[in-house]
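Novice:
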Amino acid sequence: MAKTVLITGGSRGIGQACAIAFARQGYQVAINYIHSKEKAEALAQELSAQGHPALAVGADVSRKDQVEAMFQQVEAAFGPVDILVNNAGIAQQKLFTDLTEEDWDRMFQVDVKGMFLCCQRALRTMLHSHSGSIVNLSSIWGISGASCEVHYSAAKAAVIGLTKALAQELGPSHIRVNCVAPGVINTEMNGLLGEETLAALAEETPLGILGEPEDVAKAVLFLAGEEARFITGQVLSPNGGFVI
Ligand code: NAP
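Following the numbering used here from start to finish, the sequence shown increments by one per residue and tops out at 458.
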């Protein structure tokens with residue numbers, strides 16, 4: 215029977231590339247969004263028309279009631295979630311001294327608490343079946359830190375800590391937890407940086423290019439599936455050599 219993957223923030227960018235990659239590998243794909251209802255539904259329709267079962271499901275991952283409703287919707291359509299990709303995230307560039315308490319809280323609510331809530335809810339069925347795989351999206355900035363992105367860097371470092379600790383706790387239950395920490399990827403998230411900054415970042419990258427969402431999706435797909443059956447608690451960083 216086909217396995218079910220839930221991809222949070224699957225409406226755009228890296229999450230969208232993951233949805234397409236998993237669908238092509240025969241997974242039933244649940245595509246979560248918060249704002250981009252039309253995009254997520256169009257993607258689900260397109261995949262379904264190609265013979266890949268797909269469902270768009272709205273929820274703010276930082277809200278426990280909405281996470282619960284999202285899982286119930288996915289389970290009703292496809293059965294329990296076998297693979298959870300915690301991809302939903304926000305970013306923000308600001309001087310540390312300009313950060314408001316609200317900026318800090320929202321960053322951690324979406325990028326860390328959202329992951330906590332989705333992992334906890336997914337585990338309800340994964341622990342029962344003694345199987346499952348979770349892939350969390352961190353960032354190179356969670357490894358190296360980035361100027362003017364202190365709250366984002368701190369949140370993405372927390373994702374790495376969460377991944378490693380949870381992998382240890384869940385190993386005996388045959389549930390793997392891994393992390394993908396991309397470098398600079400060509401998505402709307404980096405749209406605010408401007409062409410000059412993006413060109414400078416590409417130049418700074420040893421491979422001389424920015425990554426594409428599909429580069430990240432391949433890493434997520436690998437860690438999620440059976441090819442990585444002996445890999446847990448690890449951080450894989452598709453980053454063109456930017457951070458080594
Ligand atoms: P993106 O293009 O900005 O897309 C963000 C996705 O997250 C969208 O699908 C958005 O949904 C969803 N989202 C945001 N807040 C949400 C919430 N509260 N609840 C549910 N969904 C929410 O971002 P991206 O570049 O693809 O990044 C995806 C992940 O990779 C993020 O965790 C990001 O931090 C990480 N990452 C990105 C890069 C990069 O260079 N792009 C590098 C390293 C790590 P809507 O479309 O409905 O708004």
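By construction, the Cβ of each residue, glycine as well, lies at the ideal position given by its N, Cα and C atoms.
Enumerated in chain order, which unbroken segments of the alpha helix (DSSP H) with a length of 4 residues or greater are wholly contained in the region 321-399?
Specialist: For the region 321-399, whole alpha helix (DSSP H) runs of length 4 or above, ordered along the chain, are 328-343, 354-358 and 364-384.
Novice: Just mark residue 451 as buried or exposed, buried being the case when its beta carbon has 16 or more other beta carbons within 10 Å.
Specialist: Numbered from 1 along the sequence shown, position 237 holds the residue referred to as residue 451. Counting Cβ neighbours within 10 Å, residue 451 comes out buried, since at least 16 surround it.
Novice: Decide if the region 319-339 is in contact with the region 269-282; the criterion is three or more beta carbon pairs, one per stretch, under 8 Å apart.
Specialist: With the cut-off at 8 Å, the region 319-339 and the region 269-282 touch.
Novice: May I ask which residues mark the beginning and end of the beta strand (DSSP E) holding residue 218?
Specialist: As a first step, residue 218 must be located in the sequence shown, where it is residue number 4. Taken as a continuous stretch (DSSP letters only), the beta strand (DSSP E) holding residue 218 covers 218-221.
Novice: Looking only at its chain, what residues have a beta carbon closer than 8 Å to the beta carbon of residue 419, apart from the 5 residues adjacent to it on each side?
Specialist: Counting from 1 along the sequence shown, the entry for residue 419 is found at position 205. The residues are 397, 398, 453, 454, 455 and 456.
Novice: Between residue 335 and ligand 1, is there a pair consisting of the residue's CB and a ligand heavy atom that are separated by less than 7 Å?
Specialist: Numbered from 1 along the sequence shown, position 121 holds the residue referred to as residue 335. No - ligand 1 has no heavy atom lying nearer than 7 Å to the Cβ of residue 335.
Novice: Going by C-alpha to C-alpha distance, which of 416, 292 and 366 sits closest to residue 304?
Specialist: Working through the sequence shown from its first residue, we reach residue 304 at position 90. The shortest Cα separation from residue 304 among 416, 292 and 366 belongs to 366.
Novice: Quick check: the region 286-301 against the region 344-351, are there 3 or more CB pairs under 8 Å?
Specialist: As far as the Cβ criterion goes, the region 286-301 touches the region 344-351, which means the pair count is three or higher.
Novice: With DSSP run on the structure shown, which of helix, strand or coil describes residue 229?
Specialist: For the purposes of this step, residue 229 is taken as the residue at position 15 of the sequence shown. Three-state result, residue 229: helix.
Novice: Figure out for me which residue from 318, 407 and 390 has the closest Cα to the Cα of residue 447.
Specialist: Stepping through the sequence shown from its first residue, residue 447 is reached at position 233. It is 390 whose Cα lies nearest to the Cα of residue 447.
Novice: For residue 236, collect the residues of the same chain with a Cβ closer than 6 Å to its Cβ; drop the 5 residues on either side in sequence, then sort them by chain order.
Specialist: Taking the sequence shown and counting its residues from 1, one reaches residue 236 at position 22. Excluding positions up to five away in sequence, the list reads 219 and 243.
Novice: For residue 317 and residue 215, what's the separation of their Cα atoms in angstroms?
Specialist: Numbered from 1 along the sequence shown, position 103 holds the residue referred to as residue 317. Numbered from 1 along the sequence shown, position 1 holds the residue referred to as residue 215. Computed Cα separation, rounded: 43 Å.
Novice: Considering Cα atoms alone, identify which of 270, 362, 262 and 321 is closest to residue 223.
Specialist: As a position in the sequence shown, residue 223 is number 9, starting the count at 1. The option with the nearest alpha carbon to residue 223 is 270.
Novice: Is residue 404 closer than 8 Å to residue 426 when the C-beta atoms are compared?
Specialist: In the sequence shown, the residue the question calls residue 426 occupies position 212. In the sequence shown, the residue the question calls residue 404 occupies position 190. No; because the gap between Cβ atoms is not below 8 Å, this pair is not in contact.
Novice: Do residue 430 and residue 231 come within 8 Å of each other at the CB atom, strictly closer than that value?
Specialist: Within the sequence shown, numbered from 1, the residue matching residue 231 stands at position 17. Within the sequence shown, numbered from 1, the residue matching residue 430 stands at position 216. Cβ distance < 8 Å, so residue 231 and residue 430 count as in contact.
Novice: Buried or exposed: residue 363, going by 16 or more other Cβ atoms within 10 Å of its Cβ?
Specialist: Along the sequence shown, read from residue 1 onward, the residue named residue 363 stands at position 149. Residue 363 comes out buried.
Novice: Using CA atoms only, rank isn't needed, just tell me which of 311, 328 and 392 is closest to residue 361.
Specialist: Taking the first residue of the sequence shown as 1, we reach residue 361 at position 147. Considering only alpha carbons, the answer is 311.
Novice: In the DSSP assignment, find the unbroken alpha helix (DSSP H) run with residue 413 in it and report its ends.
Specialist: As a working mapping, residue 413 is identified with position 199 in the sequence shown. Taken as a continuous stretch (DSSP letters only), the alpha helix (DSSP H) holding residue 413 covers 409-418.
Novice: Please work out which residues of its chain come closer than 8 Å, Cβ to Cβ, to residue 443, disregarding the five sequence neighbours upstream and downstream, and give them in chain order.
Specialist: Numbered from 1 along the sequence shown, position 229 holds the residue referred to as residue 443. Result list for residue 443: 390, in chain order.
Novice: Mind checking whether the beta-carbon of residue 301 lies closer than 7 Å to any heavy atom of ligand 1?
Specialist: Here residue 301 refers to the residue found at position 87 of the sequence shown. Yes - ligand 1 has a heavy atom lying nearer than 7 Å to the Cβ of residue 301.
Novice: Taking the alpha carbon of residue 355 as the point to measure from, which residue in 387, 341 and 373 has its own alpha carbon closest?
Specialist: Numbered from its first residue, the sequence shown carries residue 355 at position 141. The candidate whose alpha carbon is nearest that of residue 355 is 373.
Novice: Quick one: grab the DSSP three-state call for residue 234.
Specialist: Residue mapping note: residue 234 aligns to position 20 of the sequence shown, counting from 1. Helix.
Novice: Among 276, 261, 387 and 379, which has the Cα closest to the Cα of residue 339?
Specialist: Residue mapping note: residue 339 aligns to position 125 of the sequence shown, counting from 1. It is 387 whose Cα lies nearest to the Cα of residue 339.
Novice: For a test of the three-state rule: what should DSSP assign to residue 298, helix, strand or coil?
Specialist: Here residue 298 refers to the residue found at position 84 when the sequence shown is read from its first residue. Three-state DSSP puts residue 298 in a strand.
Novice: Indicate whether residue 297 and residue 217 have their beta-carbon atoms separated by less than 8 Å.
Specialist: Within the sequence shown, numbered from 1, the residue matching residue 297 stands at position 83. Within the sequence shown, numbered from 1, the residue matching residue 217 stands at position 3. Result yes, Cβ atoms of residue 297 and residue 217 sit closer than 8 Å.
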